[in-house]
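Participant: Starting off with a structure, shown below.
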Amino acid sequence: MTALFNETARSVGTRNWYAFRSLARQEGWAEANLKRQGFVHFLPKVVVTKRHARRYVTQREWLFPRYGFVLLDLAQDPWRSVNGTYGVERLVMGRDGPQRVPDGVIEAIQSVTDTDGLFVPDAGFIPGALIRVCQGPLSGTLGTLQSLDGRGRVDLLLSLMNGQVRTTVAREHIEIVA
3 MTALFNETAR SVGTRNWYAF RSLARQEGWA EANLKRQGFV HFLPKVVVTK RHARRYVTQR
63 EWLFPRYGFV LLDLAQDPWR SVNGTYGVER LVMGRDGPQR VPDGVIEAIQ SVTDTDGLFV
123 PDAGFIPGAL IRVCQGPLSG TLGTLQSLDG RGRVDLLLSL MNGQVRTTVA REHIEIVA
């Protein structure tokens, strides 16, 4: 159970989710040390495709760079030790102590992640899928999905004028053809 929650901790009514800020590029280190200390934590990840050295590289990145979540009961858990955890800069604080994440926010994020905390994109939006552009000047054009990036854009190979053209459009401008 690396990045998610366990059911027994979640069922306790006095526990709430709190956000923490990690040190720069130390999210993995913070996650490992929180786990080692026994804290229930959640650091969602997303798969992104980036261009590097004239190649496309697919890798996992944190959904919220430098931020994660920890489940705490402020009356019982040693929450101040989260601030002293290697890789953690500090809990996000309010006037009276750690700032609680509003109810339902973490549960909504968890509902679109798998058991490893990896964000699951919309079903069917996988490279090679047959798509149709549904908005913009290319509306109605069929093509093949080539890749997705982390900014909500997709690379497409469209069939236009007896040829194929590579283009990039916003993710919300396409639909999967059944």
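Just add 2 to the spot in the sequence shown (first one is 1) and you have this note's numbering. Every residue, glycine too, gets a C-beta built ideally from N, C-alpha and C.
Decide yes or no for the touch test of the segment 22 to 36 against the segment 81 to 98: beta carbon pairs closer than 8 Å, at least 3 of them.
Facilitator: Yes, the segment 22 to 36 touches the segment 81 to 98.
Participant: Closer than 8 Å is the cut-off here; do at least three beta carbon pairs connect the segment 132 to 150 with the segment 99 to 112?
Facilitator: No, they do not touch.
Participant: Quick one: is Gly70 buried, meaning 16 or more other Cβ sit within 10 Å of its Cβ, or exposed?
Facilitator: Gly70 is buried by the Cβ-count criterion.
Participant: Could you name each continuous alpha helix (DSSP H) segment of 4 residues or more that falls completely within the segment 44 to 128, going from the start of the chain to the end?
Facilitator: Segments of the alpha helix (DSSP H) lying fully in the segment 44 to 128: 82 to 85, 107 to 112.
Participant: Cα separation between Phe41 and Val48?
Facilitator: Approximately 22 Å between the Cα atoms of the pair.
Participant: Less than 6 Å between C-beta atoms, sequence neighbours within five positions excluded: which residues of the same chain meet that for Ala116?
Facilitator: Inspection of the sequence shows that residue 116 is occupied by Asp rather than by Ala. Closer than 6 Å at the Cβ level, and outside the excluded window around Asp116, lie Val122.
Participant: Where does Asn35 sit, in a helix, a strand or coil, going by DSSP?
Facilitator: Asn35 falls in the helix class under three-state DSSP.
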